[in-house]
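A.B. asks: First the structure, then my questions, so here it is.
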C-alpha cells in the first residue's frame, strides 16, 4: 500500500526531477560553487563545461524555475487538493449538524404524543405574534379547545384509548387550521389551542364551528358520555387588537373564560368573548357570545 506522500506523485515526475538535478549540479560546478571532482554527476558536469559554458546563467534560471515548478507540482497542488477535500468534508459535516439541530429544535417544540406544538412553543409563538400584531395593528385570535368529560372517557376505555382520542382530536384541529400562519398546540392535558394571527373574532368563531362540524363527522364513539354517544369538545374564543402595554396572556385568560362558560352552559358548544372584554380599561359588562356546537 502506497504511503500518503506518494498518493499525489506522477511517474513522469521522476525524470523531471532527475533532469533538474543534473542541470543544477552542472550549473553549480561551472560557477565554481562546487568542485568538479565533488560533483554528483561528473560526466554531466564535464559535458556542460565543454559545450555550454555560455548557458550557465540561462541554466541556473531554468534550474530555479524548474525547482519552483517541481515544488508546485509535488507540494502545492496536493495541498490545494487536500484543502478542497477538507473544505468539502467540512461543508458536509456542517450541513449534517444543521439538519440535526433543526430536527432537535422541532422535537423540542412539539408534543411527543400528538405531533403538534407543545406548551413552550405556544408561549414562544404567542409572544412573537402578539408583538407583530401590535406593530402591524392586526387582530390576534385564540381558540381554546377542551375535550368534554375526558376523565370519563379514560375511565371507560383506558388511557391507551384516551391517547388515541387525543391524537384524533389533534388531527381534526390540524385539518381545520389549514392556513400556514395558524398554530395548533397542546396547552395542557386534554386542552388544545389554535392561535390565529390576522383573524378577528368572527373568523375565530367560524374556525371553532368548523372544529365542531369536522369532529361530528368523525363520530368518535363515546358511549359513556353524558352529552351524546360521541366525542365532543367545548371551545372558548377570544380576539384582540394587541397593544404593547397589555399582557399577551390576556388573550388566553379571556378564551379560558369563554371555555368555562361553554362548560357551564352544557358543553359541546363555543362561547366567544367580545373584544371589549379584552381591553383592561374597558367595560366588563359585555356578555359572552354563545354558539352551539354541531
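Residue numbers (my numbering): 502 to 795. From the three backbone atoms N, C-alpha and C, an ideal C-beta is built for every residue, glycine too. Values in this document were obtained by computation on a predicted structure and should not be read as measured data.
(1) With C-beta atoms as the reference, is residue 626 less than 8 Å away from residue 702?
(2) By how many angstroms is the C-alpha of residue 614 removed from the C-alpha of residue 704?
(3) By Cβ distance below 8 Å, which residues in the same chain neighbour residue 730 in space, the five residues on each side in sequence not counted?
(4) Between the C-alpha atoms of residue 647 and residue 585, what's the straight-line distance to the nearest angstrom?
(5) Pop quiz: residue 640 and residue 739 are said to be a contact at Cβ under 8 Å. What is the actual Cβ separation, rounded to whole angstroms?
(6) Starting from the Cα of residue 663, find the closest Cα among 652, 672, 775 and give me that residue.
(7) In the DSSP assignment, what are the bridge partners of residue 775?
(8) Could you pull the start and end residues of the alpha helix (DSSP H) that residue 471 belongs to?
(9) Roughly how many angstroms lie between the CA atoms of residue 736 and residue 590, to the nearest whole one?
(10) For residue 535, which of helix, strand or coil comes out of DSSP?
(11) Does DSSP put residue 770 in a helix, a strand or coil?
(12) Give me the residue from 576, 644, 752 with the minimum Cα distance to residue 799.
(13) Excluding five sequence neighbours on each side, which residues of the same chain lie with their C-beta closer than 8 Å to the C-beta of residue 720?
(14) For residue 673, which three-state DSSP category applies?
(15) Cβ of residue 677 within 8 Å of Cβ of residue 711?
(16) Which residue or residues does DSSP assign as beta-bridge partners of residue 732?
(17) Which same chain residues, not among the five before or five after residue 633, have their C-beta less than 6 Å away from its C-beta?
(18) Whole angstroms are fine: how far does the CA of residue 636 sit from the CA of residue 775?
(19) In whole angstroms, what is the alpha-carbon distance linking residue 680 and residue 698?
(20) Using 8 Å as the threshold, is the C-beta distance between residue 749 and residue 656 below it?
(21) Residue 690 by DSSP, collapsed to three states: which one?
(22) Which residue marks the beginning of the beta strand (DSSP E) containing residue 641, and which one marks its end?
(23) Please list the terminal residues of the continuous alpha helix (DSSP H) segment that includes residue 719.
(24) Are residue 733 and residue 612 close, meaning C-beta to C-beta below 8 Å?
(25) How many angstroms separate the CA atom of residue 579 from the CA atom of residue 600?
(26) Indicate the three-state DSSP secondary structure (helix, strand or coil) for residue 615 in the structure shown.
(27) Taking the beta carbon of residue 765 as the centre, do at least 16 other beta carbons fall within 10 Å, making it buried, or is it exposed?
(28) For the alpha helix (DSSP H) that residue 678 lies in, which residues bound it at each end?
(29) Across which residues does DSSP place residue 739 in a beta bridge pair?
(30) Determine the burial state of residue 576: buried for a count of at least 16 other Cβ atoms within 10 Å of its Cβ, exposed for fewer.
(31) Count the other CB atoms, across all protein chains shown, that sit within 10 Å of the CB of residue 709; report buried if there are 16 or more and exposed otherwise.
C.D. replies: In short:
(1) Against a cut-off of 8 Å, the Cβ pair of residue 702 and residue 626 comes out as no contact.
(2) Residue 704 and residue 614: Cα-Cα distance of roughly 29 Å.
(3) Excluding positions up to five away in sequence, the list reads 722, 723, 724.
(4) Going by the C-alpha atoms only, they are around 57 Å apart.
(5) Beta-carbon to beta-carbon, residue 640 and residue 739 are separated by about 11 Å, too far to satisfy the 8 Å threshold.
(6) Looking at the Cα atoms, 652 is the closest of the given residues.
(7) Under DSSP, residue 775 takes part in no beta bridge, so it has no partner.
(8) Residue 471 is absent from the structure shown; the chain starts at 502 and stops at 795.
(9) Answer to the nearest angstrom: the Cα atoms are 53 Å apart.
(10) Residue placement at residue 535 is poorly supported in this model, since its pLDDT is 45, which falls under 50; the coordinates still yield a value, given next. Annotated three-state conformation of residue 535 is coil, per DSSP.
(11) DSSP places residue 770 in strand when its eight states are reduced to three.
(12) The question about residue 799 has no answer here: the residues shown for the chain are numbered 502 through 795.
(13) Within the same chain, and ignoring the five residues on either side of residue 720 in sequence, the residues whose Cβ sits closer than 8 Å to its Cβ are 731.
(14) Of the three classes helix, strand and coil, the one that applies to residue 673 here is helix, per DSSP.
(15) Yes.
(16) Bridge partners of residue 732: none, in fact.
(17) Sequence-distant Cβ neighbours of residue 633 in its own chain, meaning closer than 6 Å and more than five residues away, do not exist here.
(18) Cα-Cα distance, rounded: 22 Å.
(19) Taking the straight line joining both Cα atoms gives about 10 Å.
(20) Their beta carbons are not under 8 Å apart, which means residue 749 does not touch residue 656 by this criterion.
(21) It is coil, neither helix nor strand.
(22) First-last of the beta strand (DSSP E) with residue 641: 641-648.
(23) First-last of the alpha helix (DSSP H) with residue 719: 702-719.
(24) With contacts defined as CB atoms closer than 8 Å, residue 733 and residue 612 fail to qualify as a contacting pair.
(25) So the alpha carbons of these two residues sit roughly 32 Å apart.
(26) The DSSP-derived three-state label of residue 615 is coil.
(27) Residue 765 is exposed by the Cβ-count criterion.
(28) Premise fails: residue 678 is in no alpha helix (DSSP H) and is neither H nor E.
(29) DSSP lists 643 as partners of residue 739.
(30) Burial call: exposed.
(31) Counting every other CB atom within 10 Å of its CB across the protein chains shown gives residue 709 a total of 16 or more, marking it as buried.
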